[in-house]
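Peer 1:
Residue numbers (mature numbering (1 follows the signal peptide of the UniProt record, and there is no 0)): -22 to -1, 1 to 405.
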């Protein structure tokens, strides 16, 4: 295919071009080192296309008590750090240097090694380290094979860049704080349970946020498609690659950052602009923010964001029905502008009334929602009926872009209250 050939050429171009560059992006065993304090001449590595830079930095740019070797966007001010070598072992001495020794890339603090790539020791002088225009620092063997012995893309800190590979073992770990690069309490990774196209943020070993909890049913907190393609290394669900122009336009300066406050953030540009997407957005965006059969509204004035639906009562572990629903005198709460977890079933029906009857005829049906098929027109009589058989969770009240949800209850359990509660927090 044309796109496939173009993609290969683009990939080859981005990988090969950096090796045809000046020595300002390269460290060799017999060559210069990056030092602190800096001496005469260049004291950083700058990638061939001047996209990324490597050197010593201090997070707050004021105190010199802690120094790190990092990679940042060239020309960014303040520095936008995308990788830190010694995040858990800062330089605290008076002098430091970063370079090759016996074929291993190492960092010394007052003459003592505090970080290294742990590459196999070699007396060969053919090894070199190079900063690529992708932001990847690679340790290579200059023996004709150009084999990569180590690369920073395999040891990420809190930032995911173009051309990284999101594997099951790959993870981003937040900084401890805005000014401290050491490993923090939040980790971004693939969801370890089930669908590997879903992602999660872990806080102190517990789920904090999950993508796809609301699936395709409600997209309010779904990842932008561009982020999904970035993480999947530009492979669609059908295994096809995106055209090179789309890659360049959408991803050339994109990055995903696991922030110290627990937000996973997507930046489209490599400058100081604000993120274009962040999650979780508010307390209701947290994983299991409320228990089953509770509706979440983090804008409630009294500070109680989780409330039981009418017809339910609070018990340990969540809200439970006041009465069983399989039998006569069933009705439905009409909840407007709602977000909810993925339905358990979906079928084609001739309209909302038929969807309602499908739910009433099934003792396991807890709730339903009906959606007109816009492709077939309003008068087609064709709708999609979504039903929930499991206990309802992940319910959230929205100001917009929500959906009408009808929750099954016993009529006597909600009288004399109204069957329509709008946003349930108003009941």
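Virtual Cβ for every residue (Gly too), placed ideally from N, Cα, C.
Given residue 246, which residues of its chain have a CB within under 6 Å of its CB, disregarding the five upstream and five downstream residues?
Peer 2: 232 and 254
Peer 1: Could you tell me whether the Cβ atoms of residue 412 and residue 248 are closer together than 8 Å?
Peer 2: Since the first and last residues shown for the chain are -22 and 405, residue 412 lies out of range.
Peer 1: When you compare only the Cα positions, how much space is there between residue 97 and residue 188?
Peer 2: 36 Å
Peer 1: Grouping DSSP H, G and I as helix and E and B as strand, with all else coil, what is residue 332?
Peer 2: helix
Peer 1: With 16 as the cutoff for other CB atoms within 10 Å, does residue 393 come out buried or exposed?
Peer 2: exposed
Peer 1: Output needed for residue 307: all residues of its chain with C-beta closer than 8 Å, excluding positions within five of it in sequence on either side, in chain order.
Peer 2: 388, 389 and 390
Peer 1: In its own chain, which residues sit with a C-beta less than 7 Å from the C-beta of residue 257, not counting the 5 before and 5 after it?
Peer 2: 187, 199, 241, 242 and 263
Peer 1: Taking the continuous alpha helix (DSSP H) assigned at residue 203, which residues delimit it?
Peer 2: 203 to 209
Peer 1: Nearest-angstrom Cα distance between residue 148 and residue 168?
Peer 2: 8 Å
Peer 1: Can you tell me where the alpha helix (DSSP H) with residue 391 in it begins and where it stops?
Peer 2: 389 to 392
Peer 1: Just the C-alpha distance for residue 371 and residue 305, rounded to the nearest angstrom, thanks.
Peer 2: 23 Å
Peer 1: Where does residue 386 sit, in a helix, a strand or coil, going by DSSP?
Peer 2: DSSP places residue 386 within a strand segment (E or B) once states are collapsed to three.
Peer 1: Output the boundary residues of the beta strand (DSSP E) element that contains residue 118.
Peer 2: First-last of the beta strand (DSSP E) with residue 118: 115 to 119.
Peer 1: Out of 107, 44, 71 and 89, state which residue places its alpha-carbon closest to the alpha-carbon of residue 2.
Peer 2: 107
Peer 1: Below 8 Å between beta carbons: does that hold for residue 348 and residue 367?
Peer 2: no
Peer 1: How many whole angstroms separate the CB atoms of residue 85 and residue 64, which I take to be in contact at a CB cut-off of 8 Å?
Peer 2: The beta carbons of residue 85 and residue 64 sit about 6 Å from each other, so the pair counts as a contact at 8 Å.
Peer 1: From what residue to what residue does the beta strand (DSSP E) around residue 236 run?
Peer 2: 233 to 236
Peer 1: Please work out which residues of its chain come closer than 6 Å, Cβ to Cβ, to residue 87, disregarding the five sequence neighbours upstream and downstream, and give them in chain order.
Peer 2: 69, 71 and 74
Peer 1: With distances taken between CB atoms, is the gap from residue 270 to residue 297 smaller than 8 Å?
Peer 2: yes
Peer 1: Per the DSSP calculation, residue 75 is bridged to which residue(s)?
Peer 2: The partner list for residue 75 (beta bridge, DSSP) reads 13 and 86.
Peer 1: When you compare the segment 21 to 29 with the segment 134 to 147, are there three or more beta-carbon pairs, one atom per stretch, that lie closer than 8 Å?
Peer 2: no
Peer 1: Helix, strand or coil: how does DSSP classify residue 111 here?
Peer 2: coil
Peer 1: Going by DSSP, what residue range makes up the beta strand (DSSP E) through residue 325?
Peer 2: Taken as a continuous stretch (DSSP letters only), the beta strand (DSSP E) holding residue 325 covers 323 to 327.
Peer 1: Counting along the chain, where does the beta strand (DSSP E) carrying residue 259 start and finish?
Peer 2: Element bounds for residue 259: n/a, residue is neither H nor E.
Peer 1: Cβ atoms of residue 266 and residue 160: under 8 Å apart, would you say?
Peer 2: no
Peer 1: Could you have a look at residue 338 and say whether DSSP puts it in helix, strand or coil?
Peer 2: helix
Peer 1: Let me confirm a value: residue 328 is counted as buried when at least 16 other C-beta atoms fall within 10 Å, else exposed. Which label applies?
Peer 2: exposed
Peer 1: Sort 77, 165 and 380 by Cα distance to residue 109 and report the nearest one.
Peer 2: 77
Peer 1: Who are the Cβ neighbours of residue 323 in its own chain at under 6 Å, not counting the five residues just before and after it?
Peer 2: So the qualifying residues of the chain are 365.
Peer 1: Is residue 258 a contact residue of the ligand COA, with contact defined as CB to any heavy atom under 7 Å?
Peer 2: The ligand COA is absent from the structure shown, which contains no ligands of any kind.
Peer 1: Classify residue 132 as helix, strand or coil using the three-state DSSP reduction.
Peer 2: helix
Peer 1: For the candidate residues 252, 13, 251 and 294, whose alpha-carbon lies nearest to that of residue 272?
Peer 2: 294
Peer 1: Determine the burial state of residue 341: buried for a count of at least 16 other Cβ atoms within 10 Å of its Cβ, exposed for fewer.
Peer 2: exposed
Peer 1: Please classify residue 374 as buried or exposed, where buried requires at least 16 neighbouring CB atoms within 10 angstroms.
Peer 2: buried
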